[in-house]
Amino acid sequence: MLKPKATATRELVSLNGLWKFAVDSGDLGEPWAGPLATKLEAPVPASYNDLFTDSAIRDHVGWVWYQRTARVPRGWAGERVFVRFDAATHEGVVYVDDVEVVRHEGGYLPFEADITDHVTAGAEFRLTVGVNNVLTPDTIPPGLVKELPGGRKQQGYMHDFYNYAGLHRSVQLYSAPATRVTDVTVVTDVEGSTGLVGYAVETSGEAAVRTTLRDEQGAVVATAVGAEGTLEVPDVRLWQPGAAYLYDLAVELVEGDAVVDEYALHVGVRTVEVRENRFLINGEPFYFTGFGKHEDIAVKGKGHDDAFLVHDFELIDWIGANSFRTSHYPYAEEVMDYADRHGIVVIDETAAVGLNSRISGGIADLMSAFGGASGEEGFGPKMAEAHRREIRELIARDKNHPSVVMWSIANEPDTMAEGTDDYFEPLFAYARELDPTRPVTFVNVMMAPPNVCRVSKFADVICINRYYGWYVDTGDLATAEVHLEAELRGWEQMYGKPMIMTEYGADTLPGLHSVWDQPWTEEFQANLLDMYHRVFDRVDSMVGEQVWNFADFQTSVGIFRVDGNKKGVFTRDRRPKAVAHSLRTRWTAIRDGRA
Ligand code: BDP
Numbered sequence: 001m002l003k004p005k006a007t008a009t010r011e012l013v014s015l016n017g018l019w020k021f022a023v024d025s026g027d028l029g030e031p032w033a034g035p036l037a038t039k040l041e042a043p044v045p046a047s048y049n050d051l052f053t054d055s056a057i058r059d060h061v062g063w064v065w066y067q068r069t070a071r072v073p074r075g076w077a078g079e080r081v082f083v084r085f086d087a088a089t090h091e092g093v094v095y096v097d098d099v100e101v102v103r104h105e106g107g108y109l110p111f112e113a114d115i116t117d118h119v120t121a122g123a124e125f126r127l128t129v130g131v132n133n134v135l136t137p138d139t140i141p142p143g144l145v146k147e148l149p150g151g152r153k154q155q156g157y158m159h160d161f162y163n164y165a166g167l168h169r170s171v172q173l174y175s176a177p178a179t180r181v182t183d184v185t186v187v188t189d190v191e192g193s194t195g196l197v198g199y200a201v202e203t204s205g206e207a208a209v210r211t212t213l214r215d216e217q218g219a220v221v222a223t224a225v226g227a228e229g230t231l232e233v234p235d236v237r238l239w240q241p242g243a244a245y246l247y248d249l250a251v252e253l254v255e256g257d258a259v260v261d262e263y264a265l266h267v268g269v270r271t272v273e274v275r276e277n278r279f280l281i282n283g284e285p286f287y288f289t290g291f292g293k294h295e296d297i298a299v300k301g302k303g304h305d306d307a308f309l310v311h312d313f314e315l316i317d318w319i320g321a322n323s324f325r326t327s328h329y330p331y332a333e334e335v336m337d338y339a340d341r342h343g344i345v346v347i348d349e350t351a352a353v354g355l356n357s358r359i360s361g362g363i364a365d366l367m368s369a370f371g372g373a374s375g376e377e378g379f380g381p382k383m384a385e386a387h388r389r390e391i392r393e394l395i396a397r398d399k400n401h402p403s404v405v406m407w408s409i410a411n412e413p414d415t416m417a418e419g420t421d422d423y424f425e426p427l428f429a430y431a432r433e434l435d436p437t438r439p440v441t442f443v444n445v446m447m448a449p450p451n452v453c454r455v456s457k458f459a460d461v462i463c464i465n466r467y468y469g470w471y472v473d474t475g476d477l478a479t480a481e482v483h484l485e486a487e488l489r490g491w492e493q494m495y496g497k498p499m500i501m502t503e504y505g506a507d508t509l510p511g512l513h514s515v516w517d518q519p520w521t522e523e524f525q526a527n528l529l530d531m532y533h534r535v536f537d538r539v540d541s542m543v544g545e546q547v548w549n550f551a552d553f554q555t556s557v558g559i560f561r562v563d564g565n566k567k568g569v570f571t572r573d574r575r576p577k578a579v580a581h582s583l584r585t586r587w588t589a590i591r592d593g594r595a
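Residue numbers for the sequence shown follow full-length UniProt numbering, so the first one is 1 and each next one is one higher.
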């Protein structure tokens, strides 16, 4: 799915800013049918949960409504007009005046509607958006709503981050010609010093396709005609981790001499391959350093923020990291574009988190605590269908990003129980069918070691999250070291695949110190990470380390969580804990080839 862009034939109007906002407690009638009866306003993009002081809004379960008027530029007469939502978490429904124009499930991926037939160039229209935050045993991610005495509803879920909701990303109106480019897929390869840029263009309407590839100086390096083809780039400059190089691919639809539509995208020429126990980028072994992250900041929640985007990447660079995982859902497209431009490597993850119906403490326990009926435990056909959609839409959105080197189709699902392999095998096949060029993985949970996990056999890379020294062997780093090494060797022996530790870490309260290995202190976090690093350096198949987490983040209320998860290397406002300095020493040495 193409990101809206202004080109010679396309225009954009941002609909970000303050919208009218109301919580639907069943008293709003048809909120789209007229001006929304409310005094509240909410910014877009932002989560709505932390904006107001009313806990009924923060804890609301169900629909909320956003509304504003928008004007179609008068110059758009004769063009197709689209409204595009970069995300509505977790479900969105959109009305133009009284007409429903699109409905979308899945909280972290974009959707759009062609609203040409419902608007007039030069005129205003009323845009109303319903956003639903409900998670059920069939949604991705799953959850369960409980009815409390008195009828109030409470949302339960199995993932360890706050269920922020709202319009988290940009909303835009854009124009495009009737005959237009609807999709572009780019696949790159390298032969000797020549870069190969394979492309396939999909269109609406008939027109000839012309493509032009330019280098960063704007010089034309290759041209081609036809909806599919390969552009050859002599003396190619590769997209490298830490040294991004982006060509510009212009796709034009031409009728006679006239260009009827133009779309442009950046292309990084690079290859990705798993060979034996190595992860290769451009044919060279790559070692991932970095983090599992979250989209999470004070007040805005999961609302995209360009200032935090830039600052987070600055900190990633400062600490010497080369990668991150979009734990546990697709991030804003601005993040992916920035990673492309700055040479940061991304493991791109779906929102399939908390699929742990049978893990103790998972949805089974939650169900019984919430009085859920049996048969609601997830992993059913409806969840599988939602999961397929998440994979399909993620790959459709992110397939052309050179920064994305691997898909992660789930985080810590139950992979111990019978039948979980039947659930996952077709999903792996589906991801590979949609994108045969990138490795596909999932992230394994601690309760499913190598001899127990039924799903790791499908993954190209073994990605595991481990909390030795924290949730087990708590505070005993000597024992943790023995257990961690034994397990990693077990994986290595059984699978012979490359392995990445996609999560390891310890909750840490900045300012708390101790001379002993005392959990929650800054020294303990650093010592725990050092211990993991000693082990990684001894195990040949390790190809990466991503600390949990980049920064402290908000979670649901729980006795395990003191105002959120505190495993951040940075605080929620992005100040370094002591561990940031020791990580910086290690990772800059790796980056600079000193280790
Ligand atoms: C892992 C999850 C992650 C949690 C982390 C933790 O993948 O989302 O935040 O544990 O407990 O199980 O800190």
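A virtual CB, placed ideally from N, CA and C, is assigned to each residue, including glycine.
- Task: Give me the Cα-Cα distance between R561 and E262, rounded to the nearest whole angstrom.
- Result: When rounded, the distance between both Cα atoms is 50 Å.
- Go ahead and label I297 buried or exposed: buried means 16 or more other beta carbons lie within 10 angstroms of its beta carbon, across all protein chains shown. buried
- Item | Separation of R591 from R325, as counted between CA atoms | 18 Å
- Task: Determine the closest residue to D414 out of E393, S456, A386, with distance taken between C-alpha atoms.
- Result: Ranking E393, S456, A386 by Cα distance to D414 puts S456 first.
- Helix, strand or coil: how does DSSP classify A578 here? helix
- Give the straight-line distance between the Cα atoms of A595 and E228, rounded to the nearest whole angstrom. Taking the CA atoms as reference points, A595 sits about 44 Å from E228.
- What whole-angstrom Cβ distance do V83 and E105 have, given they're in contact under 8 Å? With a Cβ gap of about 18 Å, V83 and E105 do not count as contacting.
- Message: In the DSSP output, what is P31 paired with across the bridge?
- Response: Among the bridge pairs identified by DSSP, P31 is matched with none.
- Query: Got a sec? Which residues, its chain only, sit under 6 Å from Q525 by beta carbon, not counting five neighbours each side?
  - Reply: Excluding positions up to five away in sequence, the list reads A506, T508, V579.
- Could you have a look at D257 and say whether DSSP puts it in helix, strand or coil? coil
- Task: Please confirm whether V44 and V171 have their CB atoms less than 8 Å apart.
- Result: yes
- Item | the segment 541-557 in contact with the segment 489-503 per 3-pair CB rule at 8 Å | yes
- Query: Skipping 5 residues on each side, what residues in its chain have a beta carbon closer than 8 Å to that of A384?
  - Reply: Y423, P426, L427
- Task: For G92, count neighbouring C-beta atoms within 10 Å of its own C-beta (all shown protein chains included) and say buried if the count is 16 or more, exposed if not.
- Result: buried
- What first and last residue would you give for the beta strand (DSSP E) that runs through E84? The residue you asked about is not Glu; residue 84 is Arg in the sequence shown. Run containing R84: 80-85, per the beta strand (DSSP E) assignment.
- Query: Would you say the beta carbon of W520 comes nearer than 7 Å to a heavy atom of the ligand BDP?
  - Reply: no
- Quick one: does the C-beta of H328 sit closer than 7 Å to a heavy atom of the ligand BDP? yes
- Task: Over the uninterrupted beta strand (DSSP E) stretch that includes P43, give me the two end residues.
- Result: 41-44
- Query: Does the distance from the CB of Q110 to the CB of M1 come in under 8 Å?
  - Reply: Checking the sequence, you will find Pro at residue 110 rather than Gln. Their beta carbons are under 8 Å apart, which means P110 touches M1 by this criterion.
- Could you name each continuous beta strand (DSSP E) segment of 3 residues or more that falls completely within the segment 502-588, going from the start of the chain to the end? 542-548
- Specify the secondary structure class of Y495 as computed by DSSP and reduced to three states. helix
- Task: Give the secondary structure of R152 by DSSP, where H, G and I count as helix, E and B as strand, and everything else as coil.
- Result: coil
- Task: Rounded to whole angstroms, what's the CA-CA distance from L434 to T188? Just pull it up for me.
- Result: 16 Å
- Message: Considering only the alpha carbon of each residue, which of Y48, R275, I319 lies closest to T585?
- Response: If we check each option's Cα against that of T585, I319 comes out closest.
- Query: Would you call the segment 403-418 and the segment 434-448 touching, i.e. three or more CB-CB distances under 8 Å?
  - Reply: yes
- Task: Compare the beta carbon distance of D98 and W32 with 8 Å and say whether it is the shorter of the two.
- Result: yes
- Message: Rounded to whole angstroms, what is the Cα-Cα separation between T69 and A87?
- Response: Each residue's alpha carbon lies about 19 Å from the other.
- Query: Within 7 Å: the Cβ of E425 and any heavy atom of the ligand BDP?
  - Reply: Every heavy atom of the ligand BDP is 7 Å or more from the Cβ of E425, so no.
- Between the CA atoms of V405 and F286 - distance to the nearest angstrom: 11 Å
- Identify the residues that DSSP records as bridge partners of residue 600: which are they? No statement about residue 600 is possible, as the shown extent of the chain runs from 1 to 595 and does not include it.
- Task: List the whole-angstrom C-beta distance separating V184 from Y199, where the pair is believed to meet the contact cut-off of C-beta under 8 Å.
- Result: 6 Å
- Query: Which class does P142 belong to by DSSP, given the choice of helix, strand or coil?
  - Reply: coil
- How many angstroms separate the CA atom of R103 from the CA atom of V569? 38 Å
- Task: Have a look at A208 and V201 and give me their C-alpha separation to the nearest angstrom.
- Result: 10 Å
- Task: For K5, name the three-state secondary structure that DSSP assigns.
- Result: coil
- Task: Keeping to the same chain, check which residues put their C-beta closer than 8 Å to that of I395; ignore five residues upstream and five downstream.
- Result: W407, A431, L434, D435
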